[in-house]
Amino acid sequence: MNSMAAPIKWCHICQTPGNVQQLEELEKLLPSGYTHLLCVKEDEFRAHLKVQLSTKEEVEKWLEEFQNSSTLTWRNARTYPASGRYNVYRVDLRCQHKTYASGKYSRNTNCPATLFLVLKRSMENRRSRSSDRHMAEGYLLYVNLRNEHNHRLACADALRKRDVSAVTVERLTELFEKGHSPSSALDTIKYDLHEEEG
Numbered sequence: 026m027n028s029m030a031a032p033i034k035w036c037h038i039c040q041t042p043g044n045v046q047q048l049e050e051l052e053k054l055l056p057s058g059y060t061h062l063l064c065v066k067e068d069e070f071r072a073h074l075k076v077q078l079s080t081k082e083e084v085e086k087w088l089e090e091f092q093n094s095s096t097l098t099w100r101n102a103r104t105y106p107a108s109g110r111y112n113v114y115r116v117d118l119r120c121q122h123k124t125y126a127s128g129k130y131s132r133n134t135n136c137p138a139t140l141f142l143v144l145k146r147s148m149e150n151r152r153s154r155s156s157d158r159h160m161a162e163g164y165l166l167y168v169n170l171r172n173e174h175n176h177r178l179a180c181a182d183a184l185r186k187r188d189v190s191a192v193t194v195e196r197l198t199e200l201f202e203k204g205h206s207p208s209s210a211l212d213t214i215k216y217d218l219h220e221e222e223g
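In this note's numbering, the protein residues as written are 26 to 223.
If you want it as structure tokens, here you go:
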């Protein structure tokens with residue numbers, strides 16, 4: 026990971042033709058501090074990216090930062106065993122608005138948005154037969170983003186259904202340890218937010 030990296034650029038390996046506007050659209054979603062290569066931009070909602078990451082922990086951190094920067098929440102749709110010969114880590118993710126809840130009130134809109142992450146195994150210690158030059162340059166994370174949501178993304182209703190932040194969970198835990206009830210802890214957090222935000 027390069028902390029001063031340009032957020033996104035067209036892939037020099039694939040030599041994909043594109044314009045600056047397409048890069049700027051994706052740049053709004055992606056976390057800063059990573060080297061992203063845009064290999065394919067099929068339309069305004071689909072993209073194939075490569076990222077310079079090499080461990081599962083780095084990928085999980087990238088995903089967390091991606092969810093924060095894009096204000097989107099992704100859930101596991103499918104996981105794969107870690108015993109793959111070619112892949113270190115692979116996970117298929119779906120938008121949080123495609124749920125399988127049985128409750129009366131659900132956020133399910135059957136959203137078609139998906140995100141596939143595949144971390145390729147590094148071939149540092151032996152010669153690889155792969156002709157993929159992305160791997161030779163350290164771009165081991167393959168990101169396939171289908172950002173086609175069938176619901177609004179930045180409205181109050183969508184933001185209200187996001188997960189509680191880690192900071193809030195930590196604050197709630199502290200309040201519960203001090204003897205607060207759930208309602209008094211919520212009131213305290215609301216009061217603190219009101220003081221901070223004005």
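Ideal Cβ placement from N, Cα and C applies to all residues, glycine included.
Cα separation between GLN121 and GLU89?
So the two alpha carbons sit approximately 14 Å from each other.
Would a C-beta distance cut-off of 8 Å place VAL65 and HIS73 closer than the cut-off?
The answer is yes: Cβ separation under 8 Å.
Note the first and the last residue of the continuous alpha helix (DSSP H) segment covering ASP68.
From DSSP, ASP68 is part of no alpha helix (DSSP H); its letter is neither H nor E.
Roughly how many whole angstroms lie between the Cα atoms of ASP117 and SER57?
Taking the straight line joining both Cα atoms gives about 22 Å.
Assign LEU165 to one of three DSSP states: helix, strand, or coil.
Correct three-state label for LEU165: coil.
Taking Cβ to Cβ, would you say LEU51 is nearer than 8 Å to TRP99?
For LEU51 and TRP99, no; Cβs fall outside 8 Å.
Please determine whether the Cβ atom of THR104 lies at a distance below 7 Å from any heavy atom of the ligand SAH.
Judged by which ligands are present, the structure shown has none, so any question about the ligand SAH falls away.
How about ILE38 and HIS159: do their beta carbons lie closer than 8 Å?
Yes, the pair counts as a contact, with Cβ atoms nearer than the cut-off.
Assign HIS61 to one of three DSSP states: helix, strand, or coil.
Residue state, collapsed to three classes: strand.
Return the chain-ordered list of same chain residues with a C-beta closer than 7 Å to the C-beta of LEU55, the five sequence neighbours on each side being excluded.
Closer than 7 Å at Cβ, skipping near neighbours: PRO32, ILE33, HIS61, PHE91, SER94.
Identify whether ARG139 lies in helix, strand or coil by the three-state DSSP scheme.
In the sequence as displayed, the identity of residue 139 is Thr instead of Arg. Residue state, collapsed to three classes: strand.
Give me the DSSP bridge partner(s) of VAL116.
VAL116 pairs with THR104, LEU142.
Can you tell me whether DSSP reads LYS75 as helix, strand or coil?
The answer is strand: DSSP assigns LYS75 an E or B state.
To the nearest angstrom, how far is the alpha carbon of CYS36 from that of THR213?
So the alpha carbons of these two residues sit roughly 49 Å apart.
Leaving aside the five residues before and after TYR248 along the sequence, list all residues of the same chain whose C-beta is less than 7 Å from its C-beta, in chain order.
Missing from the structure shown is residue 248; the chain here goes from 26 to 223 and no further.
Between which two residues does the alpha helix (DSSP H) containing PRO207 stretch?
PRO207 -> alpha helix (DSSP H) spans 207-222.
Among LEU170, PRO137, ASN112, ASN172, which residue has its Cα nearest to the Cα of SER147?
If we check each option's Cα against that of SER147, ASN112 comes out closest.
Quick check: what's the CA-CA separation for PHE201 versus TYR105?
For PHE201 and TYR105, the distance between alpha carbons rounds to 37 Å.
Span of the alpha helix (DSSP H) holding LEU192?
The sequence shown places Val at residue 192, rather than the Leu named in the question. It spans 191-202 - the alpha helix (DSSP H) in which VAL192 sits, taken as one unbroken run.
Consult DSSP for LEU170 and reduce its assignment to one of helix, strand or coil.
LEU170 falls in the strand class under three-state DSSP.
Can you give the Cα-Cα distance for THR193 and ARG115, rounded to whole angstroms?
If you take the alpha carbons of THR193 and ARG115, they lie about 29 Å apart.
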